[in-house]
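Colleague: Have a look at this one before I ask anything.
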Amino acid sequence: MKFTASCAELSGLKADSLILPTGLTLNNNAKTIDQRSNNAISSVIASGEFGGKLGQVTVLNLPSLDIKRIILLGTDGLSNQRQIKKAVNAACVALKKTRVKTAMWIGGDIGDDLKAEASIVAQSINTSLYNYKKQTTDEASDFESLIFWSTKKSANHAVEASLEYGAAVGDGMNTARQLGNLPANICTPSYLAEQAVSLGNKKLKKATITTEILDRSHMQKLKMDSLLSVAEGSDEPPKLIVLNYQGAESNKKPVVLVGKAVTFDSGGISLKPGRGMDEMKYDMCGGASVLGVMNSLSQLQLPINVVGIIPATENMPNGGATKPGDVVTSMSGQTIEILNTDAEGRLILCDSLTYAAKFDPDTVIDIATLTGAVISALGKVASGVLSNDQQLADDLIECGTQSADPVWQLPLWEEYDELLKSNFADMANIGGPQAGTITAGCFLARYAQDYKWAHLDVAGTAWVSGGNKGATGRPVPLLMEYLRQKSESVSD
Ligand code: BES
Ligand code: MN
Ligand code: ZN
Numbered sequence: 000m001k002f003t004a005s006c007a008e009l010s011g012l013k014a015d016s017l018i019l020p021t022g023l024t025l026n027n028n029a030k031t032i033d034q035r036s037n038n039a040i041s042s043v044i045a046s047g048e049f050g051g052k053l054g055q056v057t058v059l060n061l062p063s064l065d066i067k068r069i070i071l072l073g074t075d076g077l078s079n080q081r082q083i084k085k086a087v088n089a090a091c092v093a094l095k096k097t098r099v100k101t102a103m104w105i106g107g108d109i110g111d112d113l114k115a116e117a118s119i120v121a122q123s124i125n126t127s128l129y130n131y132k133k134q135t136t137d138e139a140s141d142f143e144s145l146i147f148w149s150t151k152k153s154a155n156h157a158v159e160a161s162l163e164y165g166a167a168v169g170d171g172m173n174t175a176r177q178l179g180n181l182p183a184n185i186c187t188p189s190y191l192a193e194q195a196v197s198l199g200n201k202k203l204k205k206a207t208i209t210t211e212i213l214d215r216s217h218m219q220k221l222k223m224d225s226l227l228s229v230a231e232g233s234d235e236p237p238k239l240i241v242l243n244y245q246g247a248e249s250n251k252k253p254v255v256l257v258g259k260a261v262t263f264d265s266g267g268i269s270l271k272p273g274r275g276m277d278e279m280k281y282d283m284c285g286g287a288s289v290l291g292v293m294n295s296l297s298q299l300q301l302p303i304n305v306v307g308i309i310p311a312t313e314n315m316p317n318g319g320a321t322k323p324g325d326v327v328t329s330m331s332g333q334t335i336e337i338l339n340t341d342a343e344g345r346l347i348l349c350d351s352l353t354y355a356a357k358f359d360p361d362t363v364i365d366i367a368t369l370t371g372a373v374i375s376a377l378g379k380v381a382s383g384v385l386s387n388d389q390q391l392a393d394d395l396i397e398c399g400t401q402s403a404d405p406v407w408q409l410p411l412w413e414e415y416d417e418l419l420k421s422n423f424a425d426m427a428n429i430g431g432p433q434a435g436t437i438t439a440g441c442f443l444a445r446y447a448q449d450y451k452w453a454h455l456d457v458a459g460t461a462w463v464s465g466g467n468k469g470a471t472g473r474p475v476p477l478l479m480e481y482l483r484q485k486s487e488s489v490s491d
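Counted the way numbering that gives the first Met the number 0 counts, the sequence shown spans residues 0 to 491.
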């Protein structure tokens, strides 16, 4: 997909389709287009078919005109980025259905930030073209180019940069979605490692990206017995995937992203109930989001250093599997009584967090489909965020708002941490039935004491169930927004 910005005269524009965000009252741009389309817009408004309400999409087919199609997108009642994203998505889905080659987006009438609009349009175009079977957006349709039109000539450069940014975020989301959607018999830890290696083989102009895969014996040497205890019950070999993206000088401390990649979570000996168990192929979506971010970063080549750490394993119940009551020693030296083998995410993350310190990080963010409890707390709207640094939590909340990929904070108070008490080890791996997301966070916090750290629980947001079952690509937009802002403040 090609994205360009334009400020050319509206009266002479050329495109197969035109997308016009508008309310019930037409502004001057909309009036010009109305005139060019023989009043097709005012007629559809007069008929009552198009009411201008937020997210309403009406397609006008005008075969006798040079603009063959106008897609009206209602904008009345808009108030936040999440609504804008939903509305833009609806228009992009309608656009995809019309099977055009070129389209033009009339910018400047949705929200009050042209750059944010351009970025979300490009992101939505790319995510709407995602096709599970064909895997790539490129082959998925005839759609070739989108022109983002606006009156602001002075903003043209900034708009093009925003389009490039949004398109890269969309591609990163599609990477994460594809890996998430692949079944667990294909998307194994070894498969994820291969994908990471091929990402790491990309030659970039302004940055470098390298991949290292640690296998079981390497992890044994590092004493990652907590991580390895999860892999014990499976025939698939575990992999610790480490990606190193360097877009800034080597003395700049990296942001480390740690992504949980349990390629199938059966629960282990604490076996899960059968209903909906297929969805536990999505238990690697945290790791997939890190690969998605790495893909976006390598397209944009942002001036920042980012390390991705992805502990990848299955959680299965074979004869060698960890048993409830087993005690393991983590890489940090702290011992863990595994009371429930289904609380495995924290067991692979804790050793990864200890390993993260080796990179002398500026900040560490882990991303994990960690608890069902976060779905009870926040539903499928916001991801949970827990942090040992309030500024970092605030930054992530703000970036989530801006990128319409929202997160909401839960506390990490010592009263919750006390629930992890064990009589036989330094801690238990579960805290009982209450506050499950917070006790999971408290567990991780014990391994993240040496740096600024935040944990994102994306169990409710990384995929949707039901008729539209599929991975969402979240929280790639949030993470990219955070890294983009950070890269801008670094280079100032
Ligand atoms: N991967 C699951 C969390 C999960 C459950 C995500 C349902 C999405 C939907 C995680 O490994 C898990 O099983 N967590 C347990 C923890 C409990 C045993 C303390 C949970 O949430 O039930
Ligand atoms: Mn589990
Ligand atoms: Zn899990």
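Yeah, the Cβ is synthetic: ideal placement off N, Cα and C, and Gly gets one too.
Excluding sequence positions up to five away, which residues of its chain have a Cβ less than 8 Å from the Cβ of residue 194?
Modeller: Counting only Cβ-Cβ distances below 8 Å, and skipping sequence neighbours, we find 178 and 290.
Colleague: When the Cα atoms are used, what is the spatial distance from residue 331 to residue 449?
Modeller: 12 Å
Colleague: So what's residue 350 in DSSP terms, helix, strand or just coil?
Modeller: Note: residue 350 maps to helix in three-state DSSP.
Colleague: Please classify residue 280: is it buried, with 16 or more other beta-carbons within 10 angstroms of its beta-carbon, or exposed?
Modeller: buried
Colleague: For the putative contact between residue 493 and residue 459, defined by C-beta atoms under 8 Å, what is the C-beta separation to the nearest angstrom?
Modeller: Within the shown structure, residues of the chain are numbered from 0 to 491, placing residue 493 beyond reach of any answer.
Colleague: Within the same chain, show all residues whose beta-carbon is closer than 7 Å to that of residue 110, passing over the 5 residues directly before and after it, in chain order.
Modeller: 77, 83 and 116
Colleague: Apply the 10 Å Cβ neighbour rule to residue 185 and answer buried if 16 or more other Cβ atoms are within range, or exposed otherwise.
Modeller: By the 10 Å Cβ count, residue 185 comes out exposed.
Colleague: Could you say which of 197, 296, 15 and 212 lies nearest to residue 246 if we only look at CA atoms?
Modeller: 296
Colleague: Is residue 457 helix, strand or coil by DSSP?
Modeller: coil
Colleague: Tell me whether residue 138 sits in a helix, a strand or coil according to DSSP, three-state version.
Modeller: Unreliable positioning characterises residue 138 in this predicted model, as indicated by a pLDDT of 48, which lies under 50. The coordinate reading is nonetheless provided below. Three-state DSSP puts residue 138 in coil, outside helix and strand.
Colleague: Closer than 7 Å: is that where the CB of residue 428 sits relative to any heavy atom of the ligand MN?
Modeller: no
Colleague: Taking the straight line between their C-alpha atoms, what separation do you get for residue 138 and residue 262?
Modeller: Reliability fails at residue 138, whose pLDDT of 48 lies under 50, so the model's placement of it is uncertain and no value is given.
Colleague: Return helix, strand or coil for residue 470, following the three-state DSSP convention.
Modeller: strand
Colleague: Is any heavy atom of the ligand ZN found at a distance shorter than 7 Å from the C-beta of residue 261?
Modeller: When distances are taken from the beta-carbon of residue 261 to the heavy atoms of the ligand ZN, the shortest one is below 7 Å.
Colleague: For the ligand ZN, is there any heavy atom lying closer than 7 Å to the beta carbon of residue 343?
Modeller: yes
Colleague: Under 7 Å from any heavy atom of the ligand ZN, does the C-beta of residue 264 make it?
Modeller: yes
Colleague: What is the DSSP secondary structure of residue 220, reduced to helix, strand or coil?
Modeller: helix
Colleague: Just to confirm my understanding: we take residue 477, look at its own chain, exclude 5 residues before and 5 after, and list those with CB closer than 6 Å. What are they?
Modeller: 398, 399, 402 and 404
Colleague: May I ask which residues mark the beginning and end of the alpha helix (DSSP H) holding residue 124?
Modeller: For residue 124, the uninterrupted alpha helix (DSSP H) segment begins and ends at 113–127.
Colleague: According to the Cβ coordinates, are residue 95 and residue 128 closer than 8 Å?
Modeller: Residue 95 places its beta carbon less than 8 Å from that of residue 128.
Colleague: Closer than 7 Å to a non-hydrogen atom of the ligand BES - does that hold for the CB of residue 232?
Modeller: no
Colleague: Verify whether the separation of the beta carbon atoms of residue 240 and residue 203 is less than 8 Å.
Modeller: no
Colleague: Starting from residue 425, follow the beta strand (DSSP E) in both directions and report where the run begins and ends.
Modeller: No beta strand (DSSP E) contains residue 425, which DSSP labels as neither H nor E.
Colleague: Assess, as a yes-or-no matter, whether the segment 432–445 is touched by the segment 381–398 under the definition of 3 or more beta carbon pairs within less than 8 Å.
Modeller: yes
Colleague: Nearest-angstrom Cα distance between residue 334 and residue 467?
Modeller: 42 Å
Colleague: So what's residue 244 in DSSP terms, helix, strand or just coil?
Modeller: In the structure shown, the three-state DSSP call for residue 244 is strand.
Colleague: On the three-pair Cβ rule with 8 Å, is the segment 203–214 touching the segment 323–330?
Modeller: No: the two stretches stay apart, fewer than three of their Cβ pairs being nearer than 8 Å.
Colleague: Across which residues does DSSP place residue 147 in a beta bridge pair?
Modeller: 4 and 104
Colleague: In terms of residue numbering, what span does the beta strand (DSSP E) encompassing residue 274 cover?
Modeller: Residue 274 -> no beta strand (DSSP E), and no H or E assigned at all.
Colleague: I want to check one thing, is the minimum distance from the CB of residue 365 to the heavy atoms of the ligand ZN below 7 Å?
Modeller: For residue 365, the CB stays at least 7 Å from every heavy atom of the ligand ZN.
Colleague: Let me check understanding here. Comparing Cα to Cα, which of 462, 483 and 103 lies closest to residue 277?
Modeller: 462
Colleague: Between the segment 142–155 and the segment 89–107, are three or more C-beta pairs nearer than 8 Å?
Modeller: yes
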